[in-house]
Amino acid sequence: MIMLDAKSPSGPLEAQWSGYRDHLKLVAPTNRRKFEVVIVGSGLAGAAAAATLGEAGYNVKCFCFQDSPRRAHSIAAQGGINAAKNYRNDGDSTFRLFYDTIKGGDFRSRESNVYRLAEVSVEIIDQAVAQGVPFAREYGGLLDNRSFGGAQVARTFYARGQTGQQLLLGAYQALARQIEAGTVQMFTRTEMLDVVVEDGRAKGIVTRDLVSGEISSHAAHAVVLASGGYSNVYFLSTNAKACNVTAAWRAHRRGALFANPCFTQIHPTCIPQSGEYQAKLTLMSESLRNDGRIWVAKEAEDNRRARDIPERERDYYLETRYPSFGNLVPRDVASRNAKGVVDEGRGVGPLKNGVYLDFSDAIGRLGRDAIEEKYGNLFEMYERITGENPYEAPMRIYPAPHYTMGGLWVDYNLMSNVDGLFVIGEANFSDHGANRLGASALMQGLADGYFIVPYTIASYLAPHLGETVTAGGAAFQQTEKEVSERLARFMQASGKRTVDTFHRELGQIVRDECGMSRSKAGLTRALQKIPVLREEFHANLNLAGNGEGLNMSLERAGRVADFFELAELMCIDALDREESCGGHFREESQTSDGEALRDDENFTHVSAWEHTGDASSPILHNEPLEFEAVQLTQRSYK
Amino acid sequence: MKLTLKVWRQETKDAPGALQTYEVDDISPDYSFLEMLDMLNERLEEQGQRPVAFDHDCREGVCGACSMMVDGQAHGPQARTTTCQLHMREFTDGDTIVIEPWRATAFSIVQDLMVDRSAFDRIIQAGGFISVNTGSAPEANLMPIPKDVADDAFDAATCIGCGACVAQCPNGAAQLFTAAKIGHLSLLPQGQAERDTRAVSMVEQMESELFGSCSNFRECEAVCPKAISIDWIARMNRDYLRAKLKGVTRR
Amino acid sequence: MSSIVKKAIMAVSGFMLFGWIIGHMTGNLKVFQGAEKFNAYAEFLREMGAPLFPESGVLWLVRGTLTLALVLHVWSATSLTLINRRARDKDYETRKGVQLDYAARTMRWSGYLIAFYIVYHLMHLTWGNVHHNFVAGNPYANLVSGFQVVPIALVYIAANLLLGMHLYHGLWSMFQSLGLNHPSYNLWRRYFAVTFAVVVSLGFISVPVAVLTGLVS
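Residue numbers (the numbering used here), protein chains in the order written: chain G, 222 to 859; chain C, 1285 to 1535; chain H, 590 to 806.
(1) Is it right to say ILE840/G is buried, meaning 16 or more other beta carbons lie within 10 angstroms of its own, or is it exposed?
(2) On a CA-only basis, which of ALA725/H, GLY646/H, SER766/H, ILE741/H is nearest PHE604/H? Give me that one, please.
(3) Thinking C-alpha only, which one of ARG557/G, HIS442/G, TYR498/G is nearest HIS866/G?
(4) Against ASN763/G, what residues of chain C qualify as contacts under a CB-to-CB distance less than 8 Å, listed in chain order?
(5) Under 8 Å between beta-carbons, which chain G residues line up against GLN1369/C? List them in chain order, please.
(6) Contact defined as beta carbons within less than 8 Å: I believe ALA277/G pairs with ILE260/G. What is the distance between those atoms, to the nearest angstrom?
(7) Can you give me the Cβ contacts of ASN649/G inside the same chain, cut-off strictly under 6 Å, excluding the 5 residues immediately before and after it?
(8) For the segment 1382-1405 of chain C, enumerate the residues whose C-beta is nearer than 8 Å to any C-beta of chain H, in chain order.
(9) Among ASN638/G, GLY641/G, ASN656/G, THR677/G, which has the Cα closest to the Cα of THR625/G?
(10) Between which two residues does the beta strand (DSSP E) harbouring GLN486/G extend?
(11) Using beta carbons (cut-off 9 Å, strictly below), is MET1543/C in contact with chain H?
(12) Could you tell me whether the Cβ of ALA836/G comes closer than 9 Å to any Cβ of chain C?
(13) Can you give the Cα-Cα distance for LEU328/G and THR825/G, rounded to whole angstroms?
(14) Looking at C-alpha atoms only, which residue of GLY608/G, LEU457/G, PHE286/G is the closest neighbour of ILE730/G?
(15) Taking C-beta pairs closer than 9 Å, name the residues in chain G that THR1365/C reaches, listed in chain order.
(16) Output, in chain order, the set of chain H residues within a Cβ distance shorter than 9 Å of ASN1554/C.
(17) Would DSSP call TRP716/H helix, strand or coil?
(18) Give the residues of chain C in contact with ILE302/G, contact being defined as C-beta atoms less than 8 Å apart.
(19) Checking 9 Å against the spacing of the C-beta atoms, do VAL444/G and ARG410/G come in under that value?
(20) Counting contacts by CB-CB distance shorter than 9 Å, is SER1497/C in contact with chain H?
(21) What's the call for ILE751/G, buried or exposed, on a 16-neighbour Cβ count within 10 Å?
(22) When you compare only the Cα positions, how much space is there between ALA402/G and ARG1535/C?
(23) Indicate the three-state DSSP secondary structure (helix, strand or coil) for CYS802/G in the structure shown.
(24) Kindly list, in the order they appear in chain C, the residues whose Cβ is closer than 8 Å to that of CYS488/G.
(25) Helix, strand or coil for THR411/G? Go by DSSP, reduced to three states.
(26) Note down, in chain order, each residue of its chain lying with its Cβ closer than 6 Å to the Cβ of TYR543/G, except the 5 sequence neighbours on either side.
(27) Within the 9 Å Cβ cut-off, does LEU1318/C reach chain G?
(28) Please list the partners that GLU1491/C has in chain H, where partner means a Cβ-to-Cβ separation under 7 Å.
(29) With C-beta atoms as the reference, is VAL789/H less than 9 Å away from ILE610/H?
(30) Does the segment 569-583 of chain G come into contact with the segment 498-517 of chain G, if we say contact requires no fewer than three beta-carbon pairs (one atom in each stretch) closer than 8 Å?
(31) Would VAL427/G count as contacting chain C if we go by Cβ distances under 9 Å?
(32) From the DSSP output, in three-state form, read off ARG652/H for me.
(33) Excluding the five sequence neighbours on either side, which residues of its own chain have a C-beta within less than 6 Å of the C-beta of ALA782/H, listed in chain order?
(34) With a threshold of 8 Å (Cβ to nearest heavy atom), would MET1486/C be considered close to the ligand ATP?
(35) Pick out the complete alpha helix (DSSP H) segments inside the segment 1474-1506 of chain C, 4 residues or longer, and give them in chain order.
(36) Quick one: list the residues of chain H neighbouring GLY1456/C, beta-carbon separation under 8 Å, in chain order.
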């Protein structure tokens, strides 16, 4: 029986992390090089952790499937990063950032973790600035802030619309410095295909060299997964094409619990789908909602052009329904409302699948130059993709899967229930509860990588001093064998359909039944369809080429196979959670005016799922959530 | 739309390669260039043929993975646009499009349109960073940086490391990439301590990777998806020459 | 040695050659003041620096420096060309220039041709070995009789057009290579290059044209 122990420290929130840190075990500088640490992923969390552990003197091996660590998907984050610096003197504080994050997550995250996140947020900004990250500045030369994604204080630091890029480059450069110093060994174009677990402890990983096809093992005293989220289960999402759940899922199959898989975030401001073959959806930074006004026509089937619809026939539905937050309501609320008006037939654009995001007022008030200074690159991107000029006609936007709050279960040390297997960044479930606030993903990835895991991993490693690790043992051989056999099975399939056709079909099911709105009937339907499609996938797959050497179809097949199992778990979790909270909206659980209705009595817990060997029958473990510093309230943004 | 594609196919690094011709139809003008290639690949797979390998990931023009010469121009005909953001409405029905990989001695071909750009990583490893260990940073607002300096540094820092500059340069030079990276850090006060060694180390690493020299053709800035200016190259030359006059050597 | 240093050597040696070219062109324009002034100027070149320096001493110093500059200019160009060839082991099947201008693209060829022209020019008007009617000590006469041969005048005109083109790219490029740039002055670098490319080219060409049209005889 798995016992979930969050290991949260006791005592007043503000003293927890420092008190805890003071009593963590240490590894002496001269002993650090005796430890091998494997890090999977080189995004914000992975690169930050690899650089920091390398600086400390550990032997680090870092893996990414891209051709360079600098291409990890963190690079695409646009809007910004939160930090409780209170530079604006507008009442921000660590507590407020903590409270906003807990409340934004609809009270489905752990108090102690979230408070720590808010606490270290300020150090991240210091670190990034020292690395040369060119954050936006005011004329006085000090850092600029903006209010973002529903926050009532301006605590978001940003670098035009490319904050993720700049922060990732900072972390990547720190990583590059350690590669040069020889403390970090970098493996690019290398995908982790399994984790080696022996006697309940993570001992290393098995990887495939994506160019040569070679399978190899890497032993370590500790394994850190920083492999990102799983939005690509939806096929169409804002994630990069190759983002996948494989590292996390393989760890799950080896015993790590998967927590709250149904907590996914649908981002409200993306460019609507334009056609059948579309490969991905593009996000337009949420910061656009600061100046853009969202509307649709009051009447359904209004086919006039935007500018021909007079003011009185427009429905600025967010401003009307949520007078105090208006267009800045949290992401889940904005998304669900957009879905609502589109479902009513009031959608805009050629496919009637979007809502307007209109800048004409802002341009009138601030001038075109000011808008261009703030959003120029976003407007340009929009025009490139749609062929429409947003300075003249309003943008069309629609929600798209974007971020996944669920992930592998971790304790306060960011360690999963498998000893020595740490999970950081989007790959874990820890800090965002049922909904993530804007500009908090970058914060969490970097907090985990720079400031949390380097401490907790040392404490884990300290007692293991003197143990040698090698990749030659029986557990490694067995895991390597299983990996090779699995790949061989994909190659042997001699069916008719390509990987992408399956992925597209799976994505459609998950989007329809486990997307912005979920119901018992829909989820039950999905749980019937997914296993059937999965069977067909394994029987009727058509892969060209062979397993030796570069084979992009084979890479995708492995990832999609894991998405199939994950999709089922998401639906099982969504079905089990008979309440609405954050991004998880169960149609059966809503207030009279259609807002999400939580069921605190029965669902104030983390649902952590254990794999049983059969994807259809996982075992549920609950980690109860206890709130001492905050009062559970029904979120209201009216 | 119906198009004729001539795509460079090459199995491995050392295998011989050649342009192969494919006809693709039913292309919507709203597709991105890479979605058009996805479609080609799906059809190839259906016929049991090996799909065309190409690097791509974010498809939002920021990761820098996509990299191909489209009709003799890095990232294709649209200015300031990566291949993933290039849309088929830029082409006309019946066009023939030649697609080749980046070509430079420093970028060996992995397969088809996919090349090895790890030389760029090694240039960064040589000194493209500010040495600051985690936890040792001072308070962020301790050092005001004039807005225009921060903005200029940002302009250089937007480089996505795609390698279009090298691909387009008649000399196969990596000056624009290296200069942008050096420039970003050398402009900021935080980067001053290592300014000289950084310039020397990165330039000399760049040269040891067998990139070409700069003839001031300005082709790099013309195809740079982030419109990074060759002014940065002049700045790098200045930094490098000054450091050499001071007798600074590689780190 | 770094290619950046080589480019700097190319820029500095090029600038020295350019400085001399300006002087040479200005001197050439004395042809419009008649034979006496022109020949006197030629004589001055030999006596320049005297009596502090021996006769022709400064002239040889200048010649030596110029030869060195020319050697460095050609050496750096050759060395950079070899680096650039090595940098692309296989060329594209199709390639387009985006904003590549003709002058920049043809620097190597204009350079080769100018080098040949310099040798020819020296053999023609300095040493006289390819001149049909060379009179030692009377440069004015040599010049006029030399340019009265139409094909020769045309060679000179063509060569100086090439020189103008070479300077158009070279002079601007020099600023880049030496890292001399500033947003406020960047445009002036282009004006500088255009102005001197045109002035030098036209200045030199005016002489054979004047002879051909009979303005100078």
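Glycine included, every Cβ here is placed at the ideal spot set by N, Cα and C.
Judging by the given coordinates:
(1) Walking along the first sequence from the start, residue 840/G turns up at place 619. Burial call: exposed.
(2) Your numbering for residue 604/H matches position 15 in the third sequence. Comparing Cα positions, the closest option is SER766/H.
(3) Lying before the first or after the last residue shown, residue 866/G is absent from chain G, which here runs from 222 to 859.
(4) Within the first sequence, residue 763/G is the residue found at index 542, counting from 1. Within 8 Å Cβ-Cβ: GLU1329, GLU1330, GLY1332.
(5) As a working note, residue 1369/C is residue 85 in the second sequence. Chain G residues near GLN1369/C: MET602, ARG605, ILE606.
(6) The residue given as residue 277/G occupies position 56 in the first sequence. The residue given as residue 260/G occupies position 39 in the first sequence. ALA277/G to ILE260/G, Cβ: 13 Å. No contact.
(7) Taking the first sequence and counting its residues from 1, the one referred to as residue 649/G is at position 428. The residues are GLY628, LEU629, VAL631.
(8) VAL1382, GLU1384, ARG1387, ALA1388, THR1389, ALA1390
(9) Numbered from its first residue, the first sequence carries residue 625/G at position 404. That would be ASN656/G, whose Cα lies nearest to the Cα of THR625/G.
(10) Position 265 of the first sequence, counted from the first residue, corresponds to residue 486/G. First-last of the beta strand (DSSP E) with GLN486/G: 485-491.
(11) This structure cannot settle anything about residue 1543/C, because the visible part of chain C is limited to 1285 through 1535.
(12) Reading the first sequence from its first residue, position 615 is the one you call residue 836/G. For ALA836/G, the answer is no, since every Cβ of chain C falls outside 9 Å of its Cβ.
(13) In the first sequence, counting from the first residue as 1, residue 328/G sits at position 107. In the first sequence, counting from the first residue as 1, residue 825/G sits at position 604. According to the sequence shown, residue 328/G is Phe rather than Leu. Their Cα atoms are separated by approximately 8 Å.
(14) In the first sequence, counting from the first residue as 1, residue 730/G sits at position 509. Comparing Cα-Cα distances from ILE730/G to each of GLY608/G, LEU457/G, PHE286/G, the minimum goes to LEU457/G.
(15) Along the second sequence, one-based indexing puts residue 1365/C at 81. Simply ARG605.
(16) Beyond the ends of chain C as shown, which are 1285 and 1535, falls residue 1554/C; an answer cannot be given.
(17) Here residue 716/H refers to the residue found at position 127 when the third sequence is read from its first residue. Reduced to three states, the DSSP call for TRP716/H is coil.
(18) Here residue 302/G refers to the residue found at position 81 when the first sequence is read from its first residue. What ILE302/G touches in chain C: nothing, since even the nearest Cβ is about 12 Å away.
(19) The residue given as residue 444/G occupies position 223 in the first sequence. The residue given as residue 410/G occupies position 189 in the first sequence. No, these two residues do not count as a Cβ contact at 9 Å.
(20) In the second sequence, residue 1497/C corresponds to position 213, counting from 1. Yes - at least one Cβ of chain H is within 9 Å of the one on SER1497/C.
(21) The count along the first sequence starts at 1 and reaches residue 751/G at position 530. Buried, since its Cβ has 16 or more Cβ neighbours within 10 Å.
(22) What you label residue 402/G is simply residue 181 of the first sequence in a count that begins at 1. What you label residue 1535/C is simply residue 251 of the second sequence in a count that begins at 1. Rounded to whole angstroms, ALA402/G to ARG1535/C spans 11 Å at the Cα level.
(23) Position 581 of the first sequence, counted from the first residue, corresponds to residue 802/G. Three-state DSSP puts CYS802/G in a strand.
(24) The sequence position of residue 488/G within the first sequence is 267, counting from 1. As written in the sequence, residue 488/G is His, which differs from the Cys given in the question. Chain C residues near HIS488/G: none, gap ~13 Å exceeds 8 Å.
(25) Residue numbering aside, residue 411/G sits at position 190 when the first sequence is read from its first letter. Note: THR411/G maps to strand in three-state DSSP.
(26) Here residue 543/G is taken as the residue at index 322 of the first sequence, counted from 1. VAL550, TYR858, LYS859.
(27) Counting from one through the second sequence, the residue named residue 1318/C turns up at place 34. Yes - at least one Cβ of chain G is within 9 Å of the one on LEU1318/C.
(28) Numbered from 1 along the second sequence, position 207 holds the residue referred to as residue 1491/C. Simply SER591, SER592.
(29) Residue numbering aside, residue 789/H sits at position 200 when the third sequence is read from its first letter. Residue numbering aside, residue 610/H sits at position 21 when the third sequence is read from its first letter. In contact: VAL789/H and ILE610/H (Cβ atoms closer than 9 Å).
(30) yes
(31) Along the first sequence, read from residue 1 onward, the residue named residue 427/G stands at position 206. So, not an interface residue.
(32) Residue mapping note: residue 652/H aligns to position 63 of the third sequence, counting from 1. The answer is helix: DSSP assigns ARG652/H an H, G or I state.
(33) Position 193 of the third sequence, counted from the first residue, corresponds to residue 782/H. Cβ within range, chain order: TYR757, LEU760, TRP761.
(34) For the structure depicted, the ligand ATP is absent and the ligand set is empty, with no information on it obtainable.
(35) 1479-1492
(36) Position 172 of the second sequence holds residue 1456/C. By Cβ distance, chain H contributes ASN673, ALA676, ARG677.
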